[in-house]
Structure formats: structure tokens, C-alpha cells
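Chemist: Would you mind keeping the following structure in view while I ask a few things?
Residue numbers (UniProt numbering): 1 to 64.
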């Protein structure tokens, strides 16, 4: 699983582009809080950290 900065560097896009792709479903990921629980409202929650799947990033690389 990759973080947003990892994906930004890999795809050479901005943080806002990665977030937009997460919110529209172009990238598959999950948002977890520091305690390890899944976030119940990832689009609006300001806490936690996104974890994006490697397969999703590879698919996004191929779509470019």
C-alpha cells in the first residue's frame, strides 16, 4: 500500500490530482486512522492517512 506522497512521486502529479482520483474512484484506496480503524467518512474526514493499492497505481500508470 502506498501513501499519497508516494503516488504523487510515482505518477508525477499533484496531491490534489491524487485526491480527486481517489474521490472519483480512478484510484482505489482506503483511509485509516492512527489507531488502525477504517475511516467511516473518508471524503470529508481530515484525520487519518490514505493507503492506495499498488495495483490501482499500476492501472493508473497504464491509462496515461
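Using N, Cα and C, we set each Cβ at its ideal position, and we do this for glycine too.
Here the structure is a predicted model, which is why all the values come from computation and not from measurement.
1) Between residue 57 and residue 7, how many whole angstroms is the CB-CB distance? I'm expecting something under 8 Å.
2) Once DSSP output is grouped into helix, strand and coil, what is the label at residue 27?
3) Hey, how far is the Cα of residue 49 from the Cα of residue 29?
4) Name the DSSP beta bridge partners of residue 54, please?
5) Have a look at residue 62 and residue 25 and give me their C-alpha separation to the nearest angstrom.
Modeler: Short version:
1) At roughly 6 Å, the Cβ-Cβ gap stays under 8 Å, so residue 57 and residue 7 are in contact.
2) Secondary structure at residue 27: coil, using DSSP grouped into helix, strand and coil.
3) Cα-Cα distance, rounded: 10 Å.
4) For residue 54, which the question treats as bridged, DSSP gives no partner whatsoever.
5) Each residue's CA atom was taken as its position, placing residue 62 and residue 25 some 16 Å apart.
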